[in-house]
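Trainee: Pasting in a structure now, in structure tokens, and then I'll have a few things to ask.
Protein chains in written order, with the numbering used here: chain R, 1 to 115; chain Y, 1001 to 1114.
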């Protein structure tokens, strides 16, 4: 069974640009969460999607947004990039049974560098 | 607000030692606790998941315990090997929520010397 797939793995952008990251969950998983990892702040929750609806949201500015498609694939977008957005962005999927989210499985991440 | 602390931040041991990593959390009303491993530049690998109603979980040389009332979990690694060198992260479900929102500790970086 294929794991969580994130694309692209690495990307470099300049300040003011926008970026879109993609995540394909494990087959059958309907919950997708996004996290940002930086050396200073560690791992921080961005948002979670389930059945194309945002179920939970972390404390990030509105420049960070996401969506989920009917096949459970998810994308996140960051607009007007700032230097501080440089980070490893991780996507996780889980099997949701009747509202219960079990074990989370993570992808390899997308490493974003903002110059 | 839930906060997760991991002690120690770094640990270096000789191969073959048994070791314990600690994780503490401030809000005992968690839904579950999960231990992960992260290799440099890589994503997270799930090691063990403990539901709030459970006291421990075991997988191979790993054993994780959970004491909700005291807000603590430990990850026990038996007979450590150089391949165990990585950062170990503990995460709890956000408060009593059963969603995919996890609160992470800062991790313990483990080095096992041959």
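C-beta atoms are modelled at their ideal positions from N, C-alpha and C, and glycine is treated no differently.
Which one of 1036(Y), 1089(Y) and 1058(Y) has the shortest CA to CA distance from residue 1078(Y)?
Mentor: Measuring from the Cα of residue 1078(Y), the nearest candidate turns out to be 1058(Y).
Trainee: Using the three-state DSSP reduction, which class does residue 1021(Y) fall into: helix, strand or coil?
Mentor: Correct three-state label for residue 1021(Y): strand.
Trainee: What residues in its chain sit with their C-beta under 6 Å from that of residue 1093(Y), if we drop five residues either side in the sequence?
Mentor: Cβ within range, chain order: 1030, 1031 and 1032.
Trainee: Any C-beta of chain Y sitting closer than 8 Å to the C-beta of residue 27(R)?
Mentor: Chain Y, which has no Cβ nearer than 8 Å to the Cβ of residue 27(R), makes this no.
Trainee: What would DSSP say about residue 1082(Y), mapped onto helix, strand or coil?
Mentor: Residue state, collapsed to three classes: helix.
Trainee: Whole angstroms is fine: what's the gap from residue 1051(Y)'s alpha carbon to residue 115(R)'s?
Mentor: Cα-Cα distance, rounded: 42 Å.
Trainee: Verify the CB distance criterion: does residue 1052(Y) have a CB-CB separation below 8 Å to chain R?
Mentor: Chain R, which has no Cβ nearer than 8 Å to the Cβ of residue 1052(Y), makes this no.
Trainee: Does any C-beta atom of chain Y lie closer than 8 Å to the C-beta of residue 56(R)?
Mentor: Closer than 8 Å to some Cβ of chain Y, the Cβ of residue 56(R) qualifies, so yes.
Trainee: At a Cβ threshold of 8 Å, is residue 65(R) touching chain Y?
Mentor: With 8 Å as the cut-off, residue 65(R) does not count as an interface residue toward chain Y.
Trainee: Beta-carbon of residue 1104(Y) versus every beta-carbon of chain R: anything under 8 Å?
Mentor: Yes, contact with chain R.
Trainee: Please determine if the segment 40-48 of chain R and the segment 1101-1108 of chain Y are in contact, where contact requires at least 3 C-beta pairs separated by less than 8 Å.
Mentor: The answer is yes - the segment 1101-1108 of chain Y touches the segment 40-48 of chain R, with three or more Cβ pairs under 8 Å.
Trainee: If you drop the 5 nearest sequence neighbours on each side, which residues of the same chain put their C-beta closer than 8 Å to that of residue 1116(Y)?
Mentor: Residue numbering for chain Y in the displayed model covers 1001 to 1114; residue 1116(Y) lies beyond these limits and cannot be assessed.
Trainee: So, helix, strand or coil for residue 1067(Y), using DSSP?
Mentor: In the structure shown, residue 1067(Y) sits in a strand (DSSP, three-state: E or B).
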